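Single-structure report; data block below.
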Amino acid sequence: MALQPRKTKYRKRQKGSFRGLAKAGYLLSFGDFGMQVLERGWITGRQIEACRVAINRAFARKGKVWIRFFPDKPVSKKPAETRMGKGKGAVDHWVAVVRPGLILFEVGNVTREEAQRALRLAAAKLPLKTKFVDRVEVV
């Protein structure tokens, strides 16, 4: 099951904008190494879950993983071959809006090489450019 909120105030939401940089969550807080996003965009709950699975498989029952963002924005979609009008479509999936600088994942209790390998595998699951960061690099 993909990530999604249990309950929201409103069922559907407008598209919004991607402007600006990450206002918060751009510093490592929990782990020793992390993955920082360099582009703005949407990341779906399924993509987040695929990254989590890839990281955990790479670690093979060692290390710790923190997911620093959550898909709380509903994206609606109208059925195929439907005429225009007749209102907004039903909620299809959930996304997280990410802006440059946001730390997506943090890992700890592993070596630098293991962390780099795991986060590279996870980055391949995402539609955006990312970079590997550690405690000394993050400004």
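Residue numbers (numbering that gives the first Met the number 0): 0 to 138.
In this text, a Cβ means the ideal position worked out from N, Cα and C, and glycines have one as well.
These numbers were taken from a predicted model, which means no experiment stands behind them.
Residue i versus residue j: straight-line alpha-carbon distance, rounded
{"i": "residue 96", "j": "residue 125", "result": "13 Å"}
{"i": "residue 74", "j": "residue 21", "result": "21 Å"}
{"i": "residue 110", "j": "residue 66", "result": "19 Å"}
{"i": "residue 32", "j": "residue 47", "result": "18 Å"}
{"i": "residue 91", "j": "residue 41", "result": "14 Å"}
{"i": "residue 158", "j": "residue 112", "result": "Residue 158 cannot be examined here, being either before or after the span of the chain that is shown, 0 to 138."}
{"i": "residue 14", "j": "residue 86", "result": "15 Å"}
{"i": "residue 4", "j": "residue 81", "result": "28 Å"}
Neighbour-count burial assignment, residue i, 16 or more Cβ in a 10 Å radius
{"i": "residue 129", "result": "buried"}
{"i": "residue 135", "result": "exposed"}
{"i": "residue 83", "result": "exposed"}
{"i": "residue 122", "result": "buried"}
{"i": "residue 114", "result": "buried"}
Spatially closest choice to residue i from the options, by CA coordinates
{"i": "residue 53", "options": "134, 127, 119", "result": "119"}
{"i": "residue 25", "options": "98, 78, 13", "result": "98"}
{"i": "residue 210", "options": "88, 108, 17", "result": "This structure leaves residue 210 out entirely; the chain is present only between 0 and 138."}
{"i": "residue 12", "options": "50, 38, 115, 88", "result": "88"}
{"i": "residue 8", "options": "86, 81, 85, 72", "result": "72"}
{"i": "residue 17", "options": "4, 80, 38", "result": "38"}
For residue i, the three-state DSSP class (helix, strand or coil)
{"i": "residue 44", "result": "helix"}
{"i": "residue 115", "result": "helix"}
{"i": "residue 89", "result": "strand"}
{"i": "residue 52", "result": "helix"}
{"i": "residue 32", "result": "strand"}
{"i": "residue 121", "result": "helix"}
Contact test: residue i Cβ vs the ligand FAD heavy atom, cutoff 6 Å
{"i": "residue 57", "result": "Only the bare structure without any ligand can be found here, which leaves the ligand FAD out of the picture."}
Cβ pair residue i, residue j closer than 7 Å
{"i": "residue 105", "j": "residue 30", "result": "yes"}
{"i": "residue 1", "j": "residue 57", "result": "no"}
{"i": "residue 94", "j": "residue 78", "result": "no"}
{"i": "residue 34", "j": "residue 103", "result": "yes"}
{"i": "residue 127", "j": "residue 36", "result": "yes"}
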